[in-house]
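Asker:
2 protein chains.
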Amino acid sequence: MLFDLDGTLLDSVYQHVLAWREVLETFGIPLSIWRIHRRIGMSGGLFLRALVRETGRALTAADADRLRDLHAGAYSRRLGEVKPLPGAQQLLDMLTAQGVPWAIATSGSDATARRSLALLRVDPHVPVITRDQVAYAKPNPDLFLAAAEALGKPIADSFVVGDSVWDQLAAQRAHALGVGVLSGGYGREELESAGAYRVYDDPQDLLNHIDELGIRTHS
Amino acid sequence: MLFDLDGTLLDSVYQHVLAWREVLETFGIPLSIWRIHRRIGMSGGLFLRALVRETGRALTAADADRLRDLHAGAYSRRLGEVKPLPGAQQLLDMLTAQGVPWAIATSGSDATARRSLALLRVDPHVPVITRDQVAYAKPNPDLFLAAAEALGKPIADSFVVGDSVWDQLAAQRAHALGVGVLSGGYGREELESAGAYRVYDDPQDLLNHIDELGIRTHS
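Taken in order, these protein sequences are the chains called A and B. Position one of the first sequence corresponds to residue 965 (the working numbering), numbered consecutively onward. Position one of the second sequence corresponds to residue 965 (the working numbering), numbered consecutively onward.
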């Protein structure tokens, strides 16, 4: 099982949204909050390209780097409000106990992911793939492909668990089965349209229905 | 045309979400942020009842009043970040100029609505119906029925414009036609499933496609 991080294991999407909003405002780029929300989880580079196109505001490569840095800072300041989603730790612990291989693959940077991951108990041997380790983040398939490779498992036998349409699209491109969670604030139908094989409320709901994925637990 | 306020004319949903989250935390009620988001726009009383049921935490009537007061305060402190949605003022001005009757109907209180409405130019003769003026807020139809009555127009000839499923459900119960906007952060399909006749991105997009509602503008 290959997990996205923000909105999937951590209740952190709204903090990312408001961090981007604060940073874009300081750059004089007014963008409605829902439009930012719908882009969380995609590659930061693609996010900024879409911004340029939609707002008509030109951004240099230096501007884009600065925006990404400012966002990392603005998100860090909100990290105190971030918590694991209900059932996240229990789901990961169950998979570990049952010998089901799992990894984390996030469009975030190494630095941000490391700070976020401190909120969960994750054994150091668990692969954590960030955008610093691949050429392209989501919706490109690279993050999930690298995560499956790090586990030594075929991607086509993997589940990708994510809250955003970018996870589901990346799962399709990687030839994995996408499983959606509503805990990032997308609607069920958006995730289904993007290819989710099944959609759960949050990690707790996924854990309660783990049989539906054909994962057999042994006590 | 009968307009919801938060998420429909104002970019204020995320501020309401975080205000509720802050207040619930101080009461020791941990609730994932997306679950709060999906309840914004419904009656505060129904919101708190759902909370009691889902979290198993008992709330007295005094607790509920206190929570509502605290939320009003927490939202007010975030009001400085709230802006009109793109096209909101232009849409309202166009309707006024064309002689199309319109009103505002919000599940919020008089006090909060008044503060929020200061962000828009709204002529004092425009009816503004709040939860203080009706027995039940959304998804009950009362707010929209009262708004149509204040305009002296039949509800069955009215459009209800709103960002949440609660607006769309209230529109159905009122026998009005619901028009959705995505600017509150719901997905298009959620609004369509709740009965939206048509869904636009935001007030600007609705204004650009006003012909689709059969509203004829004359220059």
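Every residue, glycine too, gets a C-beta built ideally from N, C-alpha and C.
Relative to the alpha-carbon of residue 972 (chain A), which residue among A:1041, A:1106, A:1129, A:993 has its alpha-carbon at the smallest distance?
Answerer: Mapped onto the first sequence, residue 972 (chain A) falls at position 8. Taking only the C-alpha atoms, the option nearest residue 972 (chain A) is A:1129.
Asker: Could you name the residues of the same chain whose beta carbon sits closer than 8 Å to that of residue 1117 (chain B), not counting the 5 residues immediately before and after it, in chain order?
Answerer: As a first step, residue 1117 (chain B) must be located in the second sequence, where it is residue number 153. Taken in chain order, the residues that qualify are 1065.
Asker: Go to residue 987 (chain A), then tell me how far its beta strand (DSSP E) extends in each direction, as first and last residue.
Answerer: Your numbering for residue 987 (chain A) matches position 23 in the first sequence. No beta strand (DSSP E) holds residue 987 (chain A); the alpha helix (DSSP H) holding it covers 977 to 990.
Asker: Taking only runs of the alpha helix (DSSP H) that begin and end inside the segment 1107 to 1154 of chain B, which ones reach a length of at least 4 residues, in chain order?
Answerer: Those alpha helix (DSSP H) runs which fall completely within the segment 1107 to 1154 of chain B and span 4+ residues are 1129 to 1138.
Asker: Using a Cβ cut-off of 9 Å, pull out every chain B residue sitting near residue 975 (chain A), in sequence order please.
Answerer: Residue numbering aside, residue 975 (chain A) sits at position 11 when the first sequence is read from its first letter. In chain order: 996, 997, 998.
Asker: If we ignore side chains and look at the alpha-carbon of each, how far apart do residue 1005 (chain B) and residue 1131 (chain B) end up?
Answerer: As a position in the second sequence, residue 1005 (chain B) is number 41, starting the count at 1. As a position in the second sequence, residue 1131 (chain B) is number 167, starting the count at 1. Cα to Cα, the separation comes out at about 7 Å.
Asker: Provide the residue span of the beta strand (DSSP E) that contains residue 1068 (chain A), from first to last.
Answerer: As a first step, residue 1068 (chain A) must be located in the first sequence, where it is residue number 104. Element bounds for residue 1068 (chain A): 1067 to 1069.
Asker: Can you tell me where the alpha helix (DSSP H) holding residue 1164 (chain B) begins and where it ends?
Answerer: As a first step, residue 1164 (chain B) is located in the second sequence; it is residue number 200 there, counting from the start. Counting along the chain, residue 1164 (chain B) falls outside any alpha helix (DSSP H), though it belongs to the beta strand (DSSP E) covering 1162 to 1164.
Asker: Quick one: residues in its chain with C-beta nearer than 7 Å to the C-beta of residue 1171 (chain B), no 5 flanking neighbours on either side, listed in chain order?
Answerer: Start at 1 with the first residue of the second sequence, and residue 1171 (chain B) comes out as number 207. Around residue 1171 (chain B): 1051, 1054, 1055, 1058.
Asker: Under 7 Å Cβ-Cβ, which residues of chain B neighbour residue 1001 (chain A)?
Answerer: By one-based count along the first sequence, residue 1001 (chain A) stands at place 37. Result: 1149.
Asker: With a threshold of 7 Å on Cβ separation, who are the neighbours of residue 1119 (chain B) within its own chain once the five nearest residues in sequence on each side are excluded?
Answerer: As a position in the second sequence, residue 1119 (chain B) is number 155, starting the count at 1. So the qualifying residues of the chain are 1108, 1109, 1112, 1138, 1139, 1140.
Asker: Closest to residue 1181 (chain B) by C-alpha separation, out of B:1000, B:1030, B:1062, would be which residue?
Answerer: The residue labelled residue 1181 (chain B) in the question sits at position 217 within the second sequence. Considering only alpha carbons, the answer is B:1062.
Asker: Chain D beta carbons: is any one of them nearer than 9 Å to that of residue 1166 (chain B)?
Answerer: Included in the structure are the protein chains A and B, with no chain D among them.
Asker: Residue range of the alpha helix (DSSP H) that residue 1080 (chain B) falls in?
Answerer: In the second sequence, the residue the question calls residue 1080 (chain B) occupies position 116. Start and end: 1074 to 1081.
Asker: Scan the segment 1032 to 1055 of chain A for residues whose Cβ lies nearer than 9 Å to a Cβ of chain B and list them as they occur along the chain.
Answerer: Correct list: 1045, 1047, 1049, 1050.
Asker: Could you spell out where the alpha helix (DSSP H) holding residue 1053 (chain A) opens and where it closes?
Answerer: In the first sequence, the residue the question calls residue 1053 (chain A) occupies position 89. Counting along the chain, the alpha helix (DSSP H) containing residue 1053 (chain A) begins and ends at 1052 to 1062.
Asker: Cβ closer than 8 Å: which chain A residues qualify as neighbours of residue 1018 (chain B)?
Answerer: Indexing the second sequence from 1 puts residue 1018 (chain B) at position 54. Within 8 Å Cβ-Cβ: nothing; residue 1018 (chain B) doesn't reach chain A, min ~11 Å.
Asker: What does residue 1189 (chain B) touch in chain A if you count any residue whose Cβ is under 8 Å from its own?
Answerer: Coverage of chain B is limited to positions 965 through 1183, which leaves residue 1189 (chain B) absent and any answer about it impossible.
Asker: Run through DSSP, which three-state label would residue 966 (chain B) get?
Answerer: Within the second sequence, residue 966 (chain B) is the residue found at index 2, counting from 1. Correct three-state label for residue 966 (chain B): strand.
Asker: How is residue 1090 (chain B) classed by DSSP in three states: helix, strand or coil?
Answerer: In the second sequence, counting from the first residue as 1, residue 1090 (chain B) sits at position 126. Of the three classes helix, strand and coil, the one that applies to residue 1090 (chain B) here is coil, per DSSP.
Asker: So residue 1069 (chain A) packs on residue 968 (chain A), CB below 8 Å; how close in whole Å?
Answerer: The sequence position of residue 1069 (chain A) within the first sequence is 105, counting from 1. The sequence position of residue 968 (chain A) within the first sequence is 4, counting from 1. About 7 Å separates the two Cβ atoms, so the contact holds.
Asker: Using CA coordinates, which residue listed in B:1146, B:985, B:1021 is at the minimum distance from residue 1168 (chain B)?
Answerer: Within the second sequence, the letter at position 204 stands for residue 1168 (chain B). It is B:1146 whose Cα lies nearest to the Cα of residue 1168 (chain B).
Asker: Which residues of chain A have a Cβ atom closer than 7 Å to the Cβ of residue 1146 (chain B), listed in chain order?
Answerer: Taking the first residue of the second sequence as position 1, residue 1146 (chain B) is located at position 182. 998, listed in chain order.
Asker: Answer yes if the segment 1027 to 1043 of chain B comes into contact with the segment 971 to 988 of chain B, meaning at least three C-beta pairs across the two stretches below 8 Å, and no otherwise.
Answerer: Yes, they touch.
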